[in-house]
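Enquirer: In the working numbering, the protein residues as written are 16 to 202.
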Ligand SMILES: [Zn+2]
Ligand SMILES: [Zn+2]
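1. Under 7 Å, CB to any heavy atom of ligand 2. Which residues pass, going along the chain?
2. Would residue 121 and residue 140 be called neighbours here (beta carbons separated by less than 7 Å)?
3. Could you say if the stretch 52 to 64 and the stretch 121 to 130 meet the contact criterion of at least three C-beta pairs nearer than 8 Å?
4. Can you name, in chain order, every residue of its own chain whose Cβ lies under 6 Å from the Cβ of residue 22, other than the five neighbours on each side?
5. According to the neighbour-count rule (16 or more other Cβ atoms, all chains shown, within 10 Å of its Cβ), is residue 191 buried or exposed?
6. Strictly by DSSP, which residues pair up with residue 36?
7. Cα separation between residue 42 and residue 91?
8. So, do the stretch 146 to 156 and the stretch 170 to 187 have three or more beta carbon pairs nearer to each other than 8 Å?
9. Give the DSSP-derived three-state secondary structure of residue 105 in the structure shown.
10. Going by DSSP in three states, residue 173 sits in which element: helix, strand or coil?
11. Cutting at 8 Å between CB atoms, please list the residues of its own chain near residue 181, excluding the five before and the five after it.
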């Protein structure tokens, strides 16, 4: 029997065909832990867990928790909210002795503490990347390559904003200018 594995599978199954990702963990001693199970396909005991693993289904992913590589893969391939949920579970269950971590989607640094993570859309970000890649004007995370330096006078006092905001402000100015020209011309 495989131990110290995190298993991600298709659970759910309310009223027919809806599924959602569910998770369980089999610790180093071979004890089953239900992290998240839902619906009819949810698994909450060892026997069903073993059956699922033996079935070797396409939608069942098994991650070895003693492998950093596997933890990283899990972080990259899974929904950010779920990844944070699994980290939270390992945080709440320190007896497992697993040093679970989450990888920042931008710089790849490892975060071991749920409170360090900032969720933005489907990205897991460290506070540093979030600070560098966020536009203070529209308050959204766009990634550091989208942030440009601008003239504060022309951009409501901001000196770093996203390229969308920059463009938007430029259009606003153009409109104002063309209105002005029109007024002058009509006099
Ligand atoms: Zn980062
Ligand atoms: Zn912006």
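We put the beta carbon where it would ideally sit given N, CA and C, even for glycine.
Expert: Judging by the given coordinates:
1. Any residue whose Cβ sits closer than 7 Å to a heavy atom of ligand 2 makes the list: 150, 152, 153, 155, 157, 176, 177, 179, 180.
2. Between residue 121 and residue 140, the C-beta spacing is below 7 Å.
3. Touching, no, given that fewer than three Cβ pairs across the two stretches are closer than 8 Å.
4. Excluding positions up to five away in sequence, the list reads 39, 77.
5. Per the 10 Å Cβ criterion, exposed.
6. In DSSP, residue 36 forms a bridge with 25.
7. Going by the C-alpha atoms only, they are around 22 Å apart.
8. Cβ pair count under 8 Å is three or more, so yes.
9. The answer is helix: DSSP assigns residue 105 an H, G or I state.
10. In the structure shown, residue 173 falls within a coil segment according to DSSP collapsed to helix, strand and coil.
11. Correct list, in chain order: 163, 165, 170.
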